[in-house]
Amino acid sequence: MTEAVTVANPLRVGLRLERTPDPCIFVLFGATGDLTRRKLIPALYQLSHQRLLPANFAVVGFARRDWDDEAFRRHMKEAVDEFVPNVHPGVWESFAQCLYFNRSEFQDPEGYANLAKLLAKIDRERGTGGNRLYYLATSPEAYPDIIRNLGEANLSHREGYGTHRGPWTRIVVEKPFGHDLATAQRLNRIISAVFRERQVFRIDHYLGKETVQNILALRFANLIFEPIWNSQYVDHVQITVAESVGVEGRAGYYEEAGAIRDMVQNHMLQLLTLTAMEPPTTFEADPVRDEKVKVLRSVHLPTDKVGEWTVRGQYGPGWINGQPVPAYRQEPGVDPSSDTGTYVALKLLIENWRWAGTPFYLRTGKRLPKRITEIAITFKKVPHLLFARDAAAALEPNVLALRIQPDEGISLRFGSKVPGQHMRIRSVNMDFLYGIAFGTTPGDAYERLLLDAMLGDPTLFTRRDEVEQAWALITCITEAWQKQKPPPFPNYSAGEWGPEAADELIGRDGRAWRRL
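With the working numbering applied, the sequence shown corresponds to residues 26 to 541, in that order.
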């Protein structure tokens with residue numbers, strides 16, 4: 026009798042084996058809000074469509090609005106239809122049966138008692154095993170009430186250390202995580218009174234982007250870059266997060282946050298740490314986050330040079346894509362005399378052996394000419410140019426540019442001979458594009474992060490000490506600004522690349538911002 030031979034499917038070679046989370050209930054505080062509509066429910070639907078959610082799964086919306094289960098399902102169907110292309114009717118019908126709604130004020134203890142009863146009922150009916158993932162998609166002012174009430178209603182299930190085989194409970198906290206160092210520390214104390222650190226997932230959706238994660242792959246899966254990834258070869262690094270939009274109806278939040286809190290404290294410092302960190306011992310949560318914290322602890326900004334090494338801006342009226350747009354102070358809900366910055370440029374030094382002497386320049390702003398996020402590593406010039414000066418007049422320094430969004434990919438600029446009888450050198454680009462290389466565009470960041478939270482993998486989430494270290498730097502800057510007279514706002518027009526002072530900041534070092 027011939028023995029049967031199993032042949033591996035060659036089409037599966039190189040594909041990652043997906044893990045499915047344990048059965049669980051996803052409790053969504055702020056279920057009627059914009060984040061839920063635009064991101065969270067569409068992401069959960071997509072995970073369901075990809076069969077990455079457990080068979081025994083449920084979503085419980087918790088909000089003040091006078092909805093019931095059917096109203097919640099109806100409104101979430103509208104959200105999925107709006108933000109997800111090609112919704113599959115069968116997948117939606119199955120997913121919709123997982124949706125429940127619990128109406129309550131966030132500060133009302135009775136609402137949490139009702140929530141406990143509903144969760145127990147779903148456990149019995151759907152076999153979700155007592156596992157809970159709480160997601161705070163509310164305004165930050167509601168966080169303390171929600172967290173305290175979860176604890177008082179015995180819904181936090183404070184997990185111990187060591188091997189834990191019982192039901193798990195986790196909480197995902199959206200940004201902004203505090204307003205400064207003091208408020209971030211206070212929020213951390215409130216959370217730690219109810220949950221252990223291992224249960225807490227502080228989310229920054231930038232870390233869920235494929236192109237951000239690819240920074241680690243580029244650096245630590247390729248030998249060719251690591252030997253030159255240091256101050257001996259790198260002249261400087263530029264990190265740009267540019268937005269062409271204005272405040273888009275978020276004036277209330279933005280007036281309090283400004284560009285420094287909205288973008289720099291979280292997104293840009295995350296990009297900085299991933300670019301500058303040392304190789305972790307393993308690709309696991311704590312080793313990766315340990316190295317990121319070390320970078321933040323090494324960041325140096327002399328307190329007596331905050332005014333010289335930082336620039337604030339606020340846009341005035343101008344033109345974006347051929348259309349006139351108002352000044353920031355003319356936006357609905359904005360104080361007509363507001364001193365909130367919509368643009369920030371920084372010069373930072375990382376004082377460690379790898380990066381000593383190499384400046385990192387960060388810039389972000391609203392109403393800039395285009396939407397783009399990029400990390401550009403500019404290398405030093407060759408120590409001795411062999412070719413005649415006029416032959417290499419068009420030669421620029423080597424640049425490795427990591428494009429986070431849009432047109433996700435990597436570009437390397439290097440010198441090449443121009444075809445012809447004479448030796449002439451000019452710079453050319455070699456490009457890698459996600460869409461072309463893999464035949465697909467990167468997925469939504471929330472899909473990856475929600476799945477990781479349900480799997481209990483905190484690698485792409487921010488730890489307590491990292492949050493507080495980032496706020497320590499930002500608070501140093503904002504406190505110094507408070508002692509200075511604000512710039513004469515507005516100081517750049519919509520559609521420009523920021524105020525002249527930003528060009529002067531980098532120009533004093535004999536450098537210039539990249540043309541994007």
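C-beta: ideal position from N, C-alpha, C; glycine also.
| Query | Result |
| --- | --- |
| If you reduce the DSSP assignment to three classes, tell me which class W254 lands in. | coil |
| Report, in whole angstroms, the separation of the C-beta atoms of R392 and Y340, which I expect to be a contact under 8 Å. | 4 Å |
| In terms of DSSP beta bridges, what is G358 paired with? | According to DSSP, G358 bridges with nothing at all. |
| How would you call F308, buried or exposed, if buried means at least 16 neighbouring beta carbons within 10 angstroms? | exposed |
| In the structure shown, what three-state DSSP assignment does R379 receive? | coil |
| Is T194 buried or exposed, if buried means 16 or more other CB atoms sit within 10 Å of its CB? | buried |
| Helix, strand or coil for L474? Go by DSSP, reduced to three states. | helix |
| Assuming L420 and I450 are in contact, meaning their beta carbons sit under 8 Å apart, how far apart are those beta carbons, in whole angstroms? | 5 Å |
| Three Cβ pairs or more, each shorter than 8 Å: is that satisfied between the stretch 168-178 and the stretch 245-259? | no |
| Using 10 angstroms around the beta-carbon of H113, count the other beta-carbons present and answer buried if the total reaches 16, otherwise exposed. | exposed |
| Taking all protein chains shown into account, decide if I50 is buried (16 or more other Cβ within 10 angstroms of its Cβ) or exposed. | buried |
| Exposed or buried, K330, counting other C-beta atoms within 10 Å across all chains shown (16 or more means buried)? | exposed |
| Drop a sphere of 10 angstroms on the beta-carbon of T298, count the other beta-carbons inside from all chains shown, and report buried for 16 or more, exposed for fewer. | buried |
| Should the stretch 213-221 be called in touch with the stretch 233-247, which here means at least 3 C-beta pairs below 8 Å? | no |
| Taking the C-alpha atoms as reference points, what is the distance between A370 and A178? | 46 Å |
| Could you tell me whether any Cβ in chain C is nearer than 8 Å to the Cβ of R275? | Protein chain content of the structure displayed is limited to a single chain, and chain C is not contained in it. |
| Rounded to a whole number of angstroms, what is the C-alpha to C-alpha distance between R89 and D528? | 48 Å |
| For the alpha helix (DSSP H) containing P134, list its first residue and its last residue. | P134 to R151 |
| Please determine if the stretch 344-356 and the stretch 309-317 are in contact, where contact requires at least 3 C-beta pairs separated by less than 8 Å. | no |
| Where W92 and E399 are concerned, what is the direct C-alpha to C-alpha distance, given to the nearest angstrom? | 42 Å |
| Within its chain, find whatever has a CB closer than 6 Å to the CB of F131; leave out the 5 residues flanking it on each side and keep chain order. | A167, D170 and I171 |
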